[in-house]
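Student: Questions regarding the structure given below will be posed in turn.
Residue numbers (the working numbering), protein chains in the order written: chain P, 66 to 529; chain E, 873 to 1159; chain G, 102 to 415.
In structure tokens, the structure reads:
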């Protein structure tokens, strides 16, 4: 579909070279974009603008998102959205990057949090900030932590959409058996250790806590401790060139994991192949606590409190960190939606209309209730759908409150990084070496940092 | 020869044979039980309420079948339409692979031409090209042809297979020389010989090839995912992926989807089993 | 009986042979071209053109998005071939093939022999033995993921009940590759069974009969009649299973993602990671070409050594 030749478009076209220069001066995290924002093009179209939305939500979440998209389509006739399920986040991204080499691209795509830098580097996505500025879109009602995660040099790139973060799941009945107060879950890693000792000693569970070997949790602990993960302000003022986790905090964390396993207070579920191994450990009594994503909340309660597990009553708490008071805070997880720049300006605008709609408090409330992802609008917390849910099941508040607590600073913004998966792999490999081969925690961490830095260097070299 | 000794050994032989048969049945049953275990567990899990799946000790019996799971799996994974698409694509690919393999295997087994062995190795080599190497260039090729979101895109790249050529070549090579010569004397040309003698003789191998070709096509995931967006062309494995989630309360759905996706194959297997059983009769050599 | 027929044919042979020789060679070549044409066309477009393109890509270092690339000649190939990661994944792949091919072959042969009897209800058993073909790699992996689950899997349950300790099959670096191999053997069992059974069907009954009359016992018949007559099929099975082992990806992706500690990081998984995660086309290309050549050489060796022993019955 060709963009209509309107005066507005000509003015924008003339403004492009200037915008490009301005954009290029905006740091080397993906400059070179023209900063025009298509406004008013959709209204000029005779019929509805049709756009393609690639997402990675399956089963219940897919039902919810596609129902919501249906509501969007029904509520107006300027934009019609076709949602397409593209497998997992990885499949979706693979398909996107493959399509870049000569296929059909979507107009808006849901991408995992860790893929942000890669999307930007592909130079095929629109920078949301351009339109946010042009339209004066108000971000003050958005949760700061969320905006911070997806902004580079203060400029927001994708529109956030589905946010989750890790929480502590624990078995209240096991706590009682161990003489612990089920209403007072552990708030620090030291307390986790103390509680685990009691749980094991009293026989309430085989281990205190089930730990998955994952990079995500490590990043969260660093963020809560106020430690940036990579240099250049976590890659937000300039492209990251090296990791910073090989420090005392990192060593303390690795040492904690190592000693907990060594002392039999924690059990490792490895890479958690099934996705549910840690939770299943609680179900079988192998452990009484675990750290997992808030997005699994509904299903965890659904299964563990179905009556099949009479010895389990699920409690939910914020993720314990090194200190009781976070110098930083929990960082954002989940996904966001990027608008593709190779689409026509009219379609870009249509995609933006959808993205903004998904960001509205009413939709975020509906999404929260339907999927368990955290609402990213503060005013959503006041809508009846949400307040009712929270009154009935207060555990749904926990992850939301977590995002508002602590400080929103460089550390809690998390890192933006190209070869994210490789860095996580380096961290997990180090954990495996530490736990399965008896490698010294500090040495394992140092090796992880080395491998990570090589990966970052390689990536940066390829991008130049 | 040993006739005079026979009557004296009648009873021991009968008991011996009975014991032998019993032993065979025992071995067969044990093997069958082991092999069936993963499939059995999948079926059981597809029917159990989801929390029962995670109970410990594991519950291996279905006491409260949740047929609703299948309904949900069908709807959520769009399995109805996808099954039809998979069927169309798989049948076309099977027909194509059987035909091209018969033709090519015949050439390799019965014709003489320069570079025959080299060409056969080249055919085999096509099997060794890692799929990651082919998938993106093929995606681009298909895209250039304008075959994204189409049956042709799903079918054409897979119409030939060195695997099939290899399998049938091995089978064709066991056709006795006498037969070839006799056929020549009876005035059979190559095509006649191929269609009326060789293929019927190699029925078992051709049947096996058909089964495998169908399965290969049926089980494809990444290729259909890459080249289709339109639900009208998507295939069953994509539907299965749509049922996979890390939410443990949805685990039974993927089990049900698995059974749904495997059922048509099992049905076809039973059908083809008859073909595979009807092997050679020894009259072939004299015929 | 055969001698009589053969004699008839021998007498008639000169005429027939003359008939065959009378066909011009060119006609045979032309026919060969026609018969092989479709396959050649398809392989060229969808297998060899990508291979050549990939080989060419190996000479460039590129960015992940196909935006730019620069020529580095053989450097990338040399780097890849020299890297420790490459050697390790080659070793892992070799080990994986060693675990899966002989096991799969022997088990498939055993099952086929067992099911080749004229027993009542044998059809049921044959269907069961071939049933693993009905599962795709992804589906089978999910099934085995459940079985191997450290907490609720029945394998560990069985071990614990028998007094042994539970094993974290997929998380233990020593057990991960055997566990993945087990899944693979199960996966391929149906295929091997069907192929070998089909091969068994082509062995004429009379050969067994005449061997029995000559006083050969079951074991002797197995080694002197069955296996030689089965050898073309066995060659096929070995070659295909090996090629398959070198290309096995799906089960590793679902079960272990190459871990723990890279113990299941076979070459084809490494290629996937480079090609589809990091979109590092150049490195994936170099590894892909290397893998292709290795498998090609291996297959040629198998043919060279094994086809000598294959008895095509002529």
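Idealized CB from N, CA, C, for every residue including glycine.
These figures come from a predicted structure and were not determined experimentally.
Would residue 176 of chain P pass as a contact of residue 397 of chain P if the rule is Cβ separation under 8 Å?
Tutor: For residue 176 of chain P and residue 397 of chain P, no; Cβs fall outside 8 Å.
Student: Please report the residue range of the beta strand (DSSP E) in which residue 273 of chain P lies.
Tutor: Note, residue 273 of chain P: beta strand (DSSP E), 272 to 276.
Student: If you draw a straight line from the C-alpha of residue 92 of chain P to the C-alpha of residue 914 of chain E, how long is it?
Tutor: In this prediction, residue 92 of chain P has a pLDDT of 38, which is less than 50 and means its spatial position is unreliable; what the coordinates show is noted afterwards. Roughly 53 Å separates the two Cα atoms.
Student: Would you identify the three-state DSSP class for residue 513 of chain P, choosing helix, strand or coil?
Tutor: Three-state result, residue 513 of chain P: helix.
Student: Counting C-beta neighbours from all protein chains within 10 Å, is the total for residue 159 of chain G 16 or more, i.e. buried, or is it exposed?
Tutor: It is buried - the Cβ of residue 159 of chain G has at least 16 other Cβ atoms within 10 Å.
Student: Looking only at C-alpha atoms, which of G:232, G:224, G:238 and G:407 sits nearest to residue 1089 of chain E?
Tutor: Nearest of G:232, G:224, G:238 and G:407 to residue 1089 of chain E, Cα basis: G:238.
Student: Thinking C-alpha only, which one of E:1131, E:1138 and E:1127 is nearest residue 921 of chain E?
Tutor: Residue E:1127 is the option with its Cα nearest to residue 921 of chain E.
Student: Take the Cβ of residue 459 of chain P as the centre, count every other Cβ of all protein chains shown within 10 Å, and call the residue buried at 16 or more, exposed below.
Tutor: Residue 459 of chain P comes out exposed.
Student: Does DSSP classify residue 145 of chain P as helix, strand or coil?
Tutor: Strand at residue 145 of chain P.
Student: DSSP has residue 220 of chain P in a bridge; who is on the other side?
Tutor: BP columns for residue 220 of chain P point to P:217.
Student: Within its chain, find whatever has a CB closer than 6 Å to the CB of residue 298 of chain G; leave out the 5 residues flanking it on each side and keep chain order.
Tutor: The answer, listed in chain order, is 213.
Student: Have a look at residue 1054 of chain E and residue 1080 of chain E and give me their C-alpha separation to the nearest angstrom.
Tutor: Rounded to the nearest angstrom, the two C-alpha atoms are 28 Å apart.
Student: Return the residues of the segment 315 to 343 of chain P that lie within a Cβ-Cβ distance of less than 8 Å from chain G, sorted by chain order.
Tutor: From the segment 315 to 343 of chain P, only 333, 334, 335, 336, 338, 339 and 342 have a Cβ closer than 8 Å to chain G.
Student: How big is the Cα-Cα spacing for residue 439 of chain P and residue 232 of chain P?
Tutor: C-alpha separation (whole angstroms): 12 Å.
Student: For residue 151 of chain P, which of helix, strand or coil comes out of DSSP?
Tutor: The answer is coil: DSSP assigns residue 151 of chain P none of H, G, I, E or B.
Student: Roughly how many whole angstroms lie between the Cα atoms of residue 88 of chain P and residue 101 of chain P?
Tutor: With a pLDDT of 40 at residue 88 of chain P, under the threshold of 50, the modelled position of that residue is not reliable, and no figure is offered here.
Student: Going along chain P in order, which residues have a C-beta closer than 7 Å to the C-beta of residue 252 of chain G?
Tutor: In chain order: 342, 345, 346, 349 and 351.
Student: Against chain E, does residue 151 of chain G count as a neighbour if the rule is that its beta carbon must be under 8 Å from one of theirs?
Tutor: Yes, residue 151 of chain G lies at the interface with chain E (some Cβ there is under 8 Å from its Cβ).
Student: Do you know how far the Cα of residue 155 of chain P is from the Cα of residue 1087 of chain E?
Tutor: Whole-angstrom Cα-Cα distance: 25 Å.
Student: Under 8 Å between beta-carbons, which chain E residues line up against residue 266 of chain G? List them in chain order, please.
Tutor: The contacting residues do not exist; residue 266 of chain G stays about 16 Å from chain E at best.
Student: Nearest to residue 158 of chain P by alpha carbon, out of P:311, P:170 and P:214?
Tutor: The residue with the shortest Cα to Cα distance from residue 158 of chain P is P:170.
Student: Looking at chain P, is there any beta carbon in it that lies within less than 8 Å of the beta carbon of residue 1116 of chain E?
Tutor: Yes, residue 1116 of chain E lies at the interface with chain P (some Cβ there is under 8 Å from its Cβ).
Student: So residue 231 of chain P is in the beta strand (DSSP E); what residue range does that whole segment cover?
Tutor: That run of the beta strand (DSSP E) goes 231 to 236.
Student: Spatial neighbours of residue 388 of chain G within its chain, please: CB distance less than 8 Å, with the 5 preceding and 5 following residues excluded, ordered by chain position.
Tutor: Closer than 8 Å at Cβ, skipping near neighbours: 181, 187, 368, 371, 372 and 375.
Student: Here's a check: name, in chain order, each residue in its chain whose Cβ is nearer than 7 Å to the Cβ of residue 546 of chain P, leaving out the five neighbours to either side.
Tutor: Because chain P in this structure spans residues 66 to 529, residue 546 of chain P falls outside the shown range and cannot be described.
Student: Would you list the one or two residues that DSSP bridges to residue 999 of chain E?
Tutor: In the DSSP output, where bridge partners are listed per residue, residue 999 of chain E has none listed.
Student: Compute the beta-carbon to beta-carbon distance between residue 218 of chain P and residue 378 of chain P, rounded to the nearest angstrom, for a pair I have assumed lies under 8 Å.
Tutor: Going by Cβ atoms, the distance from residue 218 of chain P to residue 378 of chain P rounds to 47 Å, so no, they are not a contact pair.
Student: Consider the Cβ of residue 453 of chain P: report whether some Cβ of chain E lies at a distance smaller than 8 Å.
Tutor: For residue 453 of chain P, the answer is no, since every Cβ of chain E falls outside 8 Å of its Cβ.
Student: Does residue 527 of chain P get closer than 8 Å to chain E when you measure Cβ to Cβ?
Tutor: No, residue 527 of chain P lies away from the interface with chain E (no Cβ there is under 8 Å from its Cβ).
Student: Using a beta-carbon distance below 8 Å, is residue 944 of chain E in contact with chain G?
Tutor: No - not a single Cβ of chain G is within 8 Å of the one on residue 944 of chain E.
Student: Where are the beta strand (DSSP E) runs, 3 residues long or more, that stay fully inside the segment 313 to 359 of chain P, in chain order?
Tutor: With a minimum length of 3 residues, the continuous beta strand (DSSP E) runs that stay inside the segment 313 to 359 of chain P are 331 to 333 and 352 to 358.
Student: Can a CB atom of chain G be found closer than 8 Å to the CB of residue 1003 of chain E?
Tutor: Chain G contact via Cβ: present.
Student: Run the CB neighbour count on residue 1024 of chain E, radius 10 Å, all protein chains shown included, and call it buried at 16 or more, exposed below.
Tutor: Looking at its Cβ environment, which holds fewer than 16 other Cβ atoms inside 10 Å, residue 1024 of chain E is exposed.
Student: Along chain P, in chain order, which residues have C-beta atoms closer than 7 Å to that of residue 920 of chain E?
Tutor: In chain order: nothing, as chain P lies at least about 10 Å away.
Student: From which residue to which residue does the beta strand (DSSP E) around residue 159 of chain G run?
Tutor: Segment: none, residue 159 of chain G is in no beta strand (DSSP E) and carries neither H nor E.
Student: So which residues on chain G does residue 187 of chain P lean against when the C-beta distance must stay under 7 Å?
Tutor: Within 7 Å Cβ-Cβ: 166.
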